[in-house]
Structures are given as structure tokens and as C-alpha cells.
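**Q** Below: one structure in C-alpha cells.
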Amino acid sequence: MFVTVRSFAKINLGLCIGPLRADGFHELRTIYQTIALHDVIRVEVTRGAGIEIRCEDPRVPKDQSNTCYRIVEPAMAALNAKGRVVIDIDKKLPVQGGLGGGSGNATAALLALERIFKKKLSGAEKLRIAAVVGSDLPLFLLGGTVLGLGRGAEISPLPDLPSVACVIATPEISISTPQAFADWDRLKAPAKRVAERGASQSKSAKLTGSPPSDRMKTCFRRFSALLNALSQNKIRTGKALSGVLVPRGRGRAENPLLDLVRTGIENDFERVVFPKYPELIKVKRVLEDAGAFYASLSGSGSAIYGLFSSRPSAAKAVARLRKVGTPAVATNTLTRQQYWKKIFD
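Just so you know, numbering that gives the first Met the number 0 puts 334 at position 335 of the sequence shown, and the rest follows in order with no gaps.
Laid out in C-alpha cells, this is it:
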């Protein structure tokens, strides 16, 4: 028996990188947003044993380094199932593009195995399996707009926000997320040494670990204000967000998602990725000049997205990008309801 699943992509609506944790991961604050771009995953279980990954894209690994491969064993154990698992990946999303392609593929495979064996794992069990395999996997078990904390795997669903037009630019650059984190650590090393010297000189300082930076505190306050406003349905009117929302101005869209990303929260990876790949700055500027209400690197890149008030505006932006040689496609963000309606459709 086989099951086919859509494996949707995500973008990051702001990403704040904090100190290194005891487990070797960085503390993160981000808002994930699923979008309609997707790969297609076909999962088949036959007699026998073993795992096979098939994909025509040579950049996609077929061994244990593939997230789909790594999720099969814990998923089969949790389902108390046996068999040979064959996963065929129709890869449309960029590899190492910052859109969560590999993570989404693995989560889709987990959902497909549930269907094949007609067994439903608890939400907690699926989250546990997903988090072990990778930090970005759990968000795809919720879909829509999702708050990510900790190393990114601690997730909470945010209230569904209306879908907006979106343009995804995919420069032909592969960026390693571990390398981007290493570059960030080098960038922040001088400031960290200054902070450590100051702490060591304070007789009253009692440190049990790396304290949150002022940036993380500011980021957390902004997220808290947004969450409070969203929970009270005030994001549309701009109430209760004094000092957080950008003032209403020319061309302001009515969609609250556009307010959400215009709060001063940025993607910290831009500070280390853009200097190494200045061509990405140009891509972001093209999106902004084309009328994007917000443009940003997604994850560690290299994909860059822009949010637009209408599909025609997004289509014009795609034309501009293609004119200067940058691959791009128009799509839209997915609400949680849309996500789950389309995933098996």
C-alpha cells in the first residue's frame, strides 16, 4: 500500500538567535508560517525490511543523512509496525534554501505511515519523534502560523491569520545552516567576551549558564506583545501594541499578517549571510522596490521571500526578479485550515 502527501514549505517571520545552550543548540525565537509551495512525498510499505529513499534530484541524499530516512525507524517503532519502507521524493523546493524542505518531507513521511497502518499516534508522541529528528520538524505537525521557541522545536499554534500573496526568490546558492550558526558565533564572540569580563568583575554575579542577551529580552517582549494582541484579536485594529506596530501609512494592507511582520523583528541570519553573499541583498531590494510590505531571508537562506497585498503585485515582482536572472515564483501563505485540507488532497 502507498500514500501520497504534500510536503509544504515554511518561511520565518523574524528569527532571533540567542546564546548557545548546554545541549549545543542556540536559543531561538521565531514565527513559522507555512506556504503553498510543496514537494510531493510517496510512501510505500512492502514485505521485507529496510528503508529506501528515491529522488531524481542528485542533491538529495539517499542515506541516513536524509531526514525522511531518519524518521522511519522511530515512527515504525511507535506504530509497532514492520515492513520495507520506500519513500519517493518529488523535489520541487530548493535544497538548503531555508524553506524547511527536508524537515517537511520527514513530517509528511510520518503522517503517511500513520495512514498506511491505520494507526493514530498521539500528538505528543508525534512531536517527540519529530523533535528528535530535527528542530524544524514539529512546526509541520501544526501548520499555519506557529511560534517557535527553544531551539525552534518548542512550538505553539498562533491564531489563524488570513492568507496573503507571497513571492519566493530562490537564488542558486546553497547555504549550510551549521556554517551560518558558526559565522554568527564568530560575529558575536567579541561582545560575549566583554559581557563575560563584566560578569566576572561583579562579586554578586552568580551564573548558572549563559544569561539571555538584551536582544533576546527585547525579542521576547515583542513576541509577548504580539501574542497578547493576537489572543485578544486586537492585531487588526492596532490596539494594545503601542511602540510595537509600525504606524499606519501609505499603502498599508488590511491583512493582520502584514502587521505581524512589521514589528521590527528581523532575521538575524541576514547579518552573517548577506556579507558573504551580497547578491542576496540585491534580491531583497528588488522585492522591496516591487512593493513588498515585508521582505526577508527565510531561515539561514538562501531563499528570500516578500509578502504582498495582492496576487497581481506578487506576479509583477516575480517578473522583475526573473528579468534580472533570479528564479522566483508567486504563491501564498497557508492558514492552518488550508494546510490540513490540502496535505492529503
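Glycine residues also receive a C-beta, built at the ideal position from the N, C-alpha and C atoms.
Got a sec, what are the start and stop residues for the alpha helix (DSSP H) V272 sits in?
**A** Taking the first residue of the sequence shown as 1, we reach residue 272 at position 273. Note, V272: alpha helix (DSSP H), 269 to 275.
**Q** When DSSP builds the beta bridges, which residues end up paired with T29?
**A** Stepping through the sequence shown from its first residue, residue 29 is reached at position 30. BP columns for T29 point to L14, G147.
**Q** If you drop the 5 nearest sequence neighbours on each side, which residues of the same chain put their C-beta closer than 7 Å to that of D182?
**A** Your numbering for residue 182 matches position 183 in the sequence shown. V271, listed in sequence order.
**Q** For the stretch 161 to 176 against the stretch 296 to 306, do three or more pairs of beta-carbon atoms, one drawn from each stretch, fall closer than 8 Å, so that the two count as touching?
**A** Touching, yes, given that three or more Cβ pairs across the two stretches are closer than 8 Å.
**Q** State the Cα-Cα distance for the pair G298 and V131, rounded to the nearest angstrom.
**A** As a first step, residue 298 is located in the sequence shown; it is residue number 299 there, counting from the start. As a first step, residue 131 is located in the sequence shown; it is residue number 132 there, counting from the start. Roughly 19 Å separates the two Cα atoms.
**Q** Could you compute how far the alpha carbon of S209 sits from the alpha carbon of F343?
**A** Counting from one through the sequence shown, the residue named residue 209 turns up at place 210. Counting from one through the sequence shown, the residue named residue 343 turns up at place 344. Per-residue confidence for S209 stands at a pLDDT of 42, beneath the threshold of 50, marking its modelled position as unreliable; no derived number is given.
**Q** Taking the straight line between their C-alpha atoms, what separation do you get for P311 and M0?
**A** On the sequence shown, position 312 is the one that residue 311 refers to. On the sequence shown, position 1 is the one that residue 0 refers to. Those two C-alpha atoms are separated by around 42 Å.
**Q** Just list the residues that DSSP pairs D38 with in beta bridges.
**A** Here residue 38 refers to the residue found at position 39 when the sequence shown is read from its first residue. Note: D38 sits in a beta bridge opposite S6.
**Q** Can you give me the Cβ contacts of L333 inside the same chain, cut-off strictly under 7 Å, excluding the 5 residues immediately before and after it?
**A** Start at 1 with the first residue of the sequence shown, and residue 333 comes out as number 334. So the qualifying residues of the chain are F7, T33, I34, A35, G142, G143, S162.
**Q** Any Cβ of chain D within less than 8 Å of the Cβ of A318?
**A** Note that chain D does not occur in the displayed structure, where there is just one protein chain.
**Q** Would you tell me roughly how many angstroms separate the C-alpha atoms of K9 and L98, rounded to the nearest one?
**A** Residue mapping note: residue 9 aligns to position 10 of the sequence shown, counting from 1. Residue mapping note: residue 98 aligns to position 99 of the sequence shown, counting from 1. Distance between the alpha carbons of K9 and L98: 5 Å.
**Q** Report yes or no: do three or more beta-carbon pairs, one from the stretch 85 to 94 and one from the stretch 117 to 136, lie closer than 8 Å?
**A** Verdict: no, contact absent.
**Q** Using 10 angstroms around the beta-carbon of G23, count the other beta-carbons present and answer buried if the total reaches 16, otherwise exposed.
**A** Working through the sequence shown from its first residue, we reach residue 23 at position 24. Exposed is the call here.
**Q** Roughly how many angstroms separate the alpha carbons of P156 and G17, rounded to a whole number?
**A** Taking the sequence shown and counting its residues from 1, one reaches residue 156 at position 157. Taking the sequence shown and counting its residues from 1, one reaches residue 17 at position 18. Spanning the two alpha carbons is a distance of roughly 22 Å.
**Q** With H, G and I counted as helix, E and B as strand and the rest as coil, what does DSSP make of D89?
**A** Translated into positions along the sequence shown, residue 89 becomes position 90. Here D89 sits in strand by DSSP.
**Q** Taking the straight line between their C-alpha atoms, what separation do you get for D56 and K90?
**A** For this step, residue 56 is matched to residue 57 along the sequence shown. For this step, residue 90 is matched to residue 91 along the sequence shown. Rounded to the nearest angstrom, the two C-alpha atoms are 7 Å apart.
**Q** So V59 packs on V94, CB below 8 Å; how close in whole Å?
**A** Position 60 of the sequence shown, counting from 1, holds the residue named residue 59. Position 95 of the sequence shown, counting from 1, holds the residue named residue 94. Yes, V59 and V94 are in contact; Cβ-Cβ is about 6 Å, under 8 Å.
**Q** Going along the chain, which residues of its own chain have a beta-carbon closer than 6 Å to the beta-carbon of A80, five neighbours each way excluded?
**A** By one-based count along the sequence shown, residue 80 stands at place 81. Closer than 6 Å at the Cβ level, and outside the excluded window around A80, lie F116.
**Q** Let me know the secondary structure DSSP gives S201 once reduced to three states.
**A** In the sequence shown, residue 201 corresponds to position 202, counting from 1. The predicted position of S201 is uncertain, since its pLDDT is 46 and thus under 50; a value taken from the coordinates is nonetheless stated next. If DSSP states are grouped into helix, strand and coil, S201 belongs with coil.
**Q** Output the distance between the C-alpha atoms of S102 and Q337, rounded to the nearest integer angstrom.
**A** To locate residue 102, count along the sequence shown from 1; it is residue 103. To locate residue 337, count along the sequence shown from 1; it is residue 338. Looking at the two C-alpha atoms, the distance is approximately 19 Å.
**Q** On the criterion of 16 or more Cβ atoms from any shown chain inside 10 Å, does L244 qualify as buried, or is it exposed?
**A** On the sequence shown, position 245 is the one that residue 244 refers to. For L244, the predicted model reports a pLDDT of 30, less than 50, meaning its position is unreliable; a value from the coordinates is still stated below. So L244 counts as buried.
**Q** Which word fits D288, buried or exposed, when buried means at least 16 other C-beta atoms lie within 10 angstroms of its C-beta?
**A** As a first step, residue 288 must be located in the sequence shown, where it is residue number 289. So D288 counts as exposed.
**Q** Runs of 4 residues minimum, wholly inside the stretch 68 to 124: which ones carry the alpha helix (DSSP H) assignment?
**A** Taking only runs of at least 4 residues, the alpha helix (DSSP H) segments lying wholly in the stretch 68 to 124 are 100 to 116.
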